[in-house]
Amino acid sequence: MATVLIVDDSKLARIVATKALTALQPDWERVEAGNADEALAVVGERQIDLVLIDFNMPGRDGLDLAAELRSRHPDMPIALITANVQDEVIARARAINATFVGKPLTEDALRAFVSGAALRLRKAQA
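So for the sequence shown, my numbering puts the first residue at 30; every next one is plus one.
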């Protein structure tokens, strides 16, 4: 079983992400954080296997958080979730090996990332 950290300043967006994840991987545990600082505290306290991060948040944005998580956990699957579909944002996400997922977040939009993450986690545990 994997543990997913959902980072978004919007409670509604976290609910939507939880619903989509539950449909795809009902056995995965879900943990929430409302900003980058909360997310880093969670990652410091417990094992997190993959992260869904909103781009637009107060304080540090999702790309800054993703870059910090990538430096600490080079193999962790990270998805940047945003409605800000700009070439620069997509390029920055790819540069830190994060998957770009557009909003509105749906089960279909999340499916490829979750499938790939599940495969990586199975290989890492084998």
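Note that the Cβ used here is the ideal one computed from N, Cα and C, for glycine as well.
My output table needs one value for residue i: the three-state DSSP class, helix, strand or coil.
| i | result |
| --- | --- |
| F129 | strand |
| T111 | strand |
| A31 | coil |
| D83 | strand |
Ends of the alpha helix (DSSP H) at residue i?
| i | result |
| --- | --- |
| R75 | No alpha helix (DSSP H) holds R75; DSSP gives it neither H nor E. |
| L139 | 136-154 |
| G91 | 91-101 |
Using the beta-carbon count (16 or more within 10 Å), is residue i buried or exposed?
| i | result |
| --- | --- |
| V33 | buried |
| G91 | buried |
| L94 | buried |
| R101 | exposed |
| A31 | buried |
Starting from the C-beta of residue i, find all residues in its chain whose C-beta is less than 8 Å away, skip the five residues before and the five after it, and write them out in chain order.
| i | result |
| --- | --- |
| D66 | G88, R89 |
| A153 | D104 |
Give every residue of the same chain whose Cβ lies closer than 6 Å to the Cβ of residue i, excluding the five residues on either side of it in the sequence, and list them in chain order.
| i | result |
| --- | --- |
| N113 | F84 |
Measure how close the beta-carbons of residue i and residue j come, nearest whole angstrom, since I'm counting them as under 8 Å.
| i | j | result |
| --- | --- | --- |
| V143 | L50 | 7 Å |
| A46 | L81 | 6 Å |
| L134 | I110 | 6 Å |
| A70 | V36 | About 11 Å separates the two Cβ atoms, so there is no contact after all. |
| R43 | E61 | 5 Å |
Starting from the C-beta of residue i, find all residues in its chain whose C-beta is less than 7 Å away, skip the five residues before and the five after it, and write them out in chain order.
| i | result |
| --- | --- |
| N126 | R99 |
| D38 | G63, N64, D83, M86, P87 |
| A138 | V130, G131 |
| A146 | L79, P106 |
| R140 | L53 |
Quick check on the DSSP output: the beta strand (DSSP E) that includes residue i runs from which residue to which?
| i | result |
| --- | --- |
| R59 | 58-62 |
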